[in-house]
Structures are given as C-alpha cells and as structure tokens.
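K.L.:
Chains as they are written, first to last, in our numbering: chain A, -2 to 251; chain B, 47 to 321. Ideal Cβ positions, reconstructed from N, Cα and C, are used throughout, including at glycine.
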C-alpha cells in the first residue's frame, strides 16, 4: 500500500500474519460446523393421561448405521421427558446441563420444583443463545411432561425456534408422521390407542427414513411419573405387489 | 446500647460474640416508620404508615412491587430499601425470562439474605440499614418473610417492623391464629387496624396509610384511597355510633379522643434519611 504524505512516499505493507490463519482454524474448531453422530426422528403426542414419546435407538455416522443402542428419550426431574434428534454428543451435553439444573432445584428442598414449562423455556434460552454465538447445539429437542394435572408438550430447534403443540415430531417425522397425527390425533386418546398411533407413525418412518432402525422405545409420562419401555421392533410387511419385480417397468435401470 | 471499643468495624467481634455494627444496623430499622404484613393461606397484605419529611413534601414510598406475585414493604434507610427492591425485581424478572415461571418467593428471600450477609463480612462494606417484609406466592401458597440487616430471614403469619411496631405486634399476636383462614377483606381490615395501633392516638385517615394486596389469582396492587377509607369508615363508624349511644368510649375503638394528637409528626431524633 502506498501513500504520499507531505511529499514523501510512504510505503507500508499489510503483513500476512500467519497467526491469523492459525487463529481462524482454531476459532473454527471451537464451534459446531456439522453433526457427526446423529439420531433421527422423535414423535410425541399428548394423550388422556399425559404424553407419549417414541424414538428409535439408532445413531448414524453419516450414512453408516453405527450405533444401535442409543437411548434418545430421557426423564428430567419428576415431571418431564426429553427426546432429542440430531448430534448425540450435544444431546449428552444438554443432559449434563439439565442434570445440574435439576440438582440445584432439588437442593433448595422447598416444595417448589421445575415443571416441563420451565425446562422447555430454559432449553429455549440455551439453544437460542448458542445459535447467536454461531455455535449451536445441533439438536431438535422435544420436551413433554405433566405437572399439577397440566399436560405440556413442546419443541425447540437448534436455531432456537420454540413452540408447544398437541403433537410434535422432529426431522423426517415432521413430513411423514405429522400428517398422520393431524388426521388421527384426539385429545382423549387412551394409552393403548396412543401407542397404536405412534407405532403407525414409526412404521412409516421405518419404511421411508434410511436412518431409522427397527428397534424403538416408547416413553410415557403421567402425573405418577415416567416409564420408558424396553426396546422392541415393529412388524413390517414387504410383500406389497409394487415391491415384487421392482425393475419390471424399467429394465436395465437400477 | 452504649458505645464500646468493639463497635467500629463490622468485621470486629466483641468478646461476647456480637457484631455491634450489625446490631446498630438493626436499630436503624427500628427508627423507620412502621410497616406491617399479614397473610392468609391465599393472600398477603402489606401496609405502612405514610410519613412525610415535612408538611410541604410528599411521603416516601415504602412498599414496592417486585413482580405480579411478590411485594415488599421496607422500614429503615429507604435508600438502601430502594436498592434492594431493584435487586429483587432484577432477580424476579431474570427468573421469569429464563423459565417463564414466577420466582418462588422463598428462593428470593434466600438470595436477599445471602446478599445482606456479605455486607456483614467485608471490612469495606456496611450492612444494609433496612428491614424488608417480603410477601409473595409460590407453589405452596402465600408466604410472608422478614429479612433483616444481619442476613437472617424468618417466615411469619403476621409481623410489624419500624417505630411503634410493638403496638401493632401486640394487636396481631391476639389475632394471628385466625389469619390463615381469613377472607381477603378481613385480612385488609386487620392490616389497617394494626396500622392504627402504631399511630397511637392520631386519627386514622386513608391519607396516612398505604395498603397493598396480592394473592392467588390477584396480582400485586395498591388499594386506592377510597377503598381504604371505606374500610376505615366501617370500624370508625361503629365507634362513633357506640360513642353516641352509650356516651362512653369503647376500649376497642377509641378514635374520638385522638383529635388532640399532634403525636405523629414530631420526631426530632430521627435522621432525615430514615423514614
């Protein structure tokens, strides 16, 4: 860069500071750019006595179905259930935050306790603040619970979008499960009907989502507490006519 | 309390295990004008005596809204009280923002007490010279707490602080067992009657007191002068009727002889900053 000042030519160069390149690389490694091990959809509904939440137990490493025993739905305190899709390590980090939150709440020992609404709002604050720092927790979270007879179900995304609804789903679940729920959900669903409805959604996801595996858990939360089912599989049917001779209509193509 | 060689620093213990500066701070609370609080299972009423610096000035604000579900009445150095109220408002609103849920009053008073304690253990600070009656709701219902400059806090069914609060306390001690099930109206009436006790002879007028209410389904708010005057009229009127009929003052409601009272406004030994 050249400058003429009081008739004198002054030359100064902007040094190429290798420190900058190093700093940028370090700075980048300090924030989440893309997820590595991911969980797929969560589907959750309110029913007569509380909330039902279903997820499969898969953890994908890109296109590889690497982990097949990941619990993506966990109990939080006495009154809430948290389900997560997206980066599994970020989910574990969130569980650590909530663990501390619940611990401090219990330490007060004063008859007050965090309900699902409080946990949901806390998570919304965390997710939104991380997004603002360009270092998101790469998850979509589903928060359900019951406290003092009030049934609560909400969702927070990795950019901090947060809302409540009678039924929610993450990822592919939004496209494949919610249309079913919009047609068939009712406020007075019994437990059995609720499970049937969720299984219907999970079956569609199993057929159509390549990151889904046939090993799922359904969790239930009511005023009494949380129960997470043992893992089980859904019956599938592959004998549809259209699946016989799939290349019949287009020989030579794959 | 007399001066002694251990009372200069807040961080100096006396040989008998007392911190005199903290005790002196509690004296400041006793000099302020009275503040009264009572609670039922569902409501809390805070009332105070309006004291003005002079006839020309307006009275100082002694009751503050902290949140829809928490209010505080102060006695002592009002400047300290104002600062602490701002802290309480800040805590309440931060909790509300993060959890979208009201801060339980029991947790707020602990934060407040811990803050006060810090000032009793730093040589470069002094204790807050204000007592706070904090009334509020949490999951287990209505609560009333008293926070004092020492960093202690206590829960009460009813309490009074400030000058001539003993008269109010005596009145409350006689009646507190019934407060739990009191209706909102009865609670307000008892609060105003307790305020009257601290006036000791002066006529009770609505301009002399401030009353605030909060409860389940009722956010914190002040009662307007009219409402207060109506409540005063119910018991003053009873007294007047009895005076008229029997010609003898009833011990319970002796309002008439109070006309001679110039008692309220003449405290020369109260520092101007204390109200």
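(1) Are the C-beta of residue 119 of chain A and some C-beta of chain B separated by less than 8 Å?
(2) Taking the alpha-carbon positions, what's the residue 224 of chain A to residue 152 of chain A distance?
(3) To the nearest angstrom, how far is the alpha carbon of residue 40 of chain A from that of residue 212 of chain A?
(4) To which residues does DSSP link residue 48 of chain A through a beta bridge?
(5) Just reading off the beta strand (DSSP E) that residue 144 of chain A is part of, what are its end residues?
(6) In the DSSP output, what is residue 109 of chain B paired with across the bridge?
(7) Which whole-angstrom value describes the C-beta separation of residue 92 of chain B and residue 117 of chain B, a residue pair presumed to lie in contact below a C-beta threshold of 8 Å?
(8) Taking 8 Å as the threshold (C-beta atoms), are residue 130 of chain B and residue 178 of chain B in contact?
(9) According to DSSP, simplified to helix, strand and coil, what is residue 152 of chain A?
(10) CB-CB under 6 Å to residue 90 of chain B, same chain, minus the five flanking residues each way: which ones, in chain order?
(11) Cβ of residue 74 of chain A less than 8 Å from any chain B Cβ?
(12) With a floor of 4 residues, list each alpha helix (DSSP H) that falls wholly inside the segment 227 to 262 of chain B, ordered by position along the chain.
(13) Could you give the distance in angstroms between the alpha-carbon of residue 295 of chain B and the alpha-carbon of residue 109 of chain B?
(14) What span of residues does the beta strand (DSSP E) with residue 83 of chain A cover, start to end?
(15) From the DSSP secondary-structure annotation, give me the bridge partner or partners of residue 199 of chain B.
(16) Return the chain-ordered list of same chain residues with a C-beta closer than 7 Å to the C-beta of residue 113 of chain A, the five sequence neighbours on each side being excluded.
(17) Pull out every residue of the segment 138 to 153 of chain B whose Cβ sits closer than 8 Å to any Cβ of chain A, in chain order.
(18) Could you give the residue range of the alpha helix (DSSP H) that holds residue 92 of chain B?
(19) Closest Cβ-Cβ distance between residue 184 of chain B and chain A: below 8 Å?
(20) How many Å lie between residue 76 of chain B and residue 207 of chain B at the Cα?
(21) Starting from residue 63 of chain A, trace the alpha helix (DSSP H) both ways and give me its first and last residue.
(22) Against residue 108 of chain A, what residues of chain B qualify as contacts under a CB-to-CB distance less than 7 Å, listed in chain order?
(23) Once DSSP output is grouped into helix, strand and coil, what is the label at residue 208 of chain B?
(24) Quick one: residues in its chain with C-beta nearer than 6 Å to the C-beta of residue 203 of chain B, no 5 flanking neighbours on either side, listed in chain order?
P.N.:
This is what the structure holds:
(1) So yes, residue 119 of chain A belongs to the interface.
(2) If you take the alpha carbons of residue 224 of chain A and residue 152 of chain A, they lie about 20 Å apart.
(3) For residue 40 of chain A and residue 212 of chain A, the distance between alpha carbons rounds to 14 Å.
(4) Per the DSSP secondary-structure output, residue 48 of chain A pairs in a beta bridge with A:43, A:218.
(5) Looking at the DSSP string, the run of the beta strand (DSSP E) that includes residue 144 of chain A is 136 to 144.
(6) Under the DSSP definition of a beta bridge, residue 109 of chain B partners with B:119.
(7) Their Cβ separation, rounded to whole angstroms, is 5 Å, which keeps residue 92 of chain B and residue 117 of chain B in contact under 8 Å.
(8) Contact flag set, yes.
(9) DSSP places residue 152 of chain A in strand when its eight states are reduced to three.
(10) Result list for residue 90 of chain B: 181, 188, 190, 260, in chain order.
(11) By the rule that beta-carbons nearer than 8 Å mark a contact, residue 74 of chain A does not touch chain B.
(12) Taking only runs of at least 4 residues, the alpha helix (DSSP H) segments lying wholly in the segment 227 to 262 of chain B are 230 to 245.
(13) Because residue 295 of chain B sits at a pLDDT of 42, beneath the cut-off of 50, its placement in the model cannot be relied upon, and the following sentence gives the value as read from the coordinates. Cα-Cα distance, rounded: 34 Å.
(14) It spans 77 to 84 - the beta strand (DSSP E) in which residue 83 of chain A sits, taken as one unbroken run.
(15) Per DSSP, B:193.
(16) Here residue 113 of chain A has 76, 77, 140, 141, 142, 144, 149 as same chain residues with Cβ atoms under 7 Å from its own Cβ, once five neighbours each way along the sequence are excluded.
(17) Cβ contacts with chain A come from 143, 144, 145, 146, 147, 150, 152, 153.
(18) Note, residue 92 of chain B: premise wrong, no alpha helix (DSSP H); beta strand (DSSP E) at 89 to 95.
(19) So, interface residue.
(20) One Cα belongs to residue 76 of chain B, the other to residue 207 of chain B, and the distance between them is close to 7 Å.
(21) Here residue 63 of chain A belongs to no alpha helix (DSSP H); instead the beta strand (DSSP E) covers 61 to 64.
(22) Near residue 108 of chain A (Cβ distances below 7 Å), the residues of chain B are 185, 186.
(23) Note: residue 208 of chain B maps to coil in three-state DSSP.
(24) Within the same chain, residue 203 of chain B has close Cβ partners 222, 225.
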